[in-house]
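Chemist:
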Amino acid sequence: MSEEQLSLFPEMKPPELEAELPLYRPFLPGVKPEEAYLEVKSLAALAGIMAGCSKCGLREGCRQVVFADGNPQARLMFVGEGPGQVEDEQGLPFVGRAGQLLNRILKAASLEREEVYITNVVKCRPPGNRLPNPDEVAACRGCLEAQIRLVKPNIIVCLGLLATRAILDGRATMATIRGKWFTRQGILLMATYHPAALLRREELKRPTWEDFKLIRDRYLEVKRGD
Ligand code: URA
Numbered sequence: 544m545s546e547e548q549l550s551l552f553p554e555m556k557p558p559e560l561e562a563e564l565p566l567y568r569p570f571l572p573g574v575k576p577e578e579a580y581l582e583v584k585s586l587a588a589l590a591g592i593m594a595g596c597s598k599c600g601l602r603e604g605c606r607q608v609v610f611a612d613g614n615p616q617a618r619l620m621f622v623g624e625g626p627g628q629v630e631d632e633q634g635l636p637f638v639g640r641a642g643q644l645l646n647r648i649l650k651a652a653s654l655e656r657e658e659v660y661i662t663n664v665v666k667c668r669p670p671g672n673r674l675p676n677p678d679e680v681a682a683c684r685g686c687l688e689a690q691i692r693l694v695k696p697n698i699i700v701c702l703g704l705l706a707t708r709a710i711l712d713g714r715a716t717m718a719t720i721r722g723k724w725f726t727r728q729g730i731l732l733m734a735t736y737h738p739a740a741l742l743r744r745e746e747l748k749r750p751t752w753e754d755f756k757l758i759r760d761r762y763l764e765v766k767r768g769d
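Just so you know, the sequence shown maps onto residues 544 to 769 in the working numbering.
#1: With respect to 7 Å, is the separation between the Cβ of Glu814 and the closest non-hydrogen atom of the ligand URA below this value?
#2: Locate the alpha helix (DSSP H) running through Arg602, then write down its first and last residues.
#3: I'd like to know if the segment 571–583 and the segment 676–693 are in contact, where contact means that at least 3 CB-CB pairs between them fall below 8 Å.
#4: Given this structure, state the Cα-to-Cα distance separating Leu619 from Val659, to the nearest angstrom.
#5: Pop quiz: Ile758 and Ile698 are said to be a contact at Cβ under 8 Å. What is the actual Cβ separation, rounded to whole angstroms?
#6: Can you tell me whether Glu630 is buried or exposed, with buried defined as 16 or more other CB within 10 angstroms of its CB?
#7: Spatial neighbours of Pro615 within its chain, please: CB distance less than 8 Å, with the 5 preceding and 5 following residues excluded, ordered by chain position.
#8: Just verifying my parser: in three-state terms, what is the DSSP assignment at Val680?
#9: Buried or exposed: where does Asp749 fall if 16 or more other Cβ atoms within 10 Å of its Cβ makes it buried?
#10: If you drop the 5 nearest sequence neighbours on each side, which residues of the same chain put their C-beta closer than 8 Å to that of Leu732?
#11: List, from N- to C-terminal side, the alpha helix (DSSP H) runs of 4 residues or more that fit wholly inside the segment 586–634.
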């Protein structure tokens, strides 16, 4: 397009300038680019920043920041709610009772924990394992946004309602949203029940297993396409 034509459309920029514009489109609804750690180029650097984070009050009441576990180049990413007591002690997500159940489900689906990436919406343990409040979730969303940008998973699984609402749909209910595929910016997403819910409610195990079979099949398809 010539300069002359461009001047007819003042809102359009010449291509070389366009390339310099911040083209980044946040993945998570409501996250602003300036909150998304765009300058951070590695997960290790992000983990370092998060270790010193005091954006919300949760850091004061926990032992350590629980950043993530698993393969930094995973095609499959799991996002839970927030660390519990055991996670807070060990510094890793999903290592307590819910985590052990998640490990068993992964194994049953022939998935290795080491090949997937596991994190939470909030990285610090809420006192007494209460639900993180909306301000705490908001303070941590930039980090999750950056983790998604840096891992570049093909598939994201939201474990439980908090992750589902933070990532997929702020008004979702588990019963209606689980087990369905969604696509955003080329990433496939599915919500399923949180493993901790399965420990309390036996009847959720079967639908969760149905979801995991779909997740495994899609994951194998993605891997075959490599
Ligand atoms: N529940 C979560 O949501 N995350 C954990 O890491 C552990 C339990």
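Even for Gly, the Cβ is constructed at its ideal location relative to N, Cα and C.
Modeler: With the given structure in hand:
#1: Any answer about residue 814 is impossible in this case: the structure gives the chain only from 544 up to 769.
#2: Position 59 of the sequence shown, counted from the start, is the residue given in the question as residue 602. Taken as a continuous stretch (DSSP letters only), the alpha helix (DSSP H) holding Arg602 covers 601–604.
#3: yes
#4: Residue numbering aside, residue 619 sits at position 76 when the sequence shown is read from its first letter. Residue numbering aside, residue 659 sits at position 116 when the sequence shown is read from its first letter. Distance between the alpha carbons of Leu619 and Val659 is about 5 Å.
#5: Within the sequence shown, residue 758 is the residue found at index 215, counting from 1. Within the sequence shown, residue 698 is the residue found at index 155, counting from 1. Contact holds; Cβ gap of about 7 Å.
#6: Counting from 1 along the sequence shown, the entry for residue 630 is found at position 87. That one is buried.
#7: In the sequence shown, the residue the question calls residue 615 occupies position 72. For Pro615, where only same-chain residues beyond five positions count, the Cβ hits under 8 Å are Leu586, Tyr660, Leu693, Val694.
#8: Position 137 of the sequence shown, counting from 1, holds the residue named residue 680. In this structure, Val680 counts as helix in the three-state DSSP scheme.
#9: On the sequence shown, position 206 is the one that residue 749 refers to. Inspection of the sequence shows that residue 749 is occupied by Arg rather than by Asp. The residue in question, Arg749, is exposed, as its Cβ has fewer than 16 Cβ neighbours within 10 Å.
#10: By 1-based counting over the sequence shown, the position of residue 732 is 189. Closer than 8 Å at Cβ, skipping near neighbours: Ile698, Ile699, Val700, Cys701, Ile710, Leu711, Trp724, Phe725, Thr726.
#11: 586–594, 601–604, 628–633
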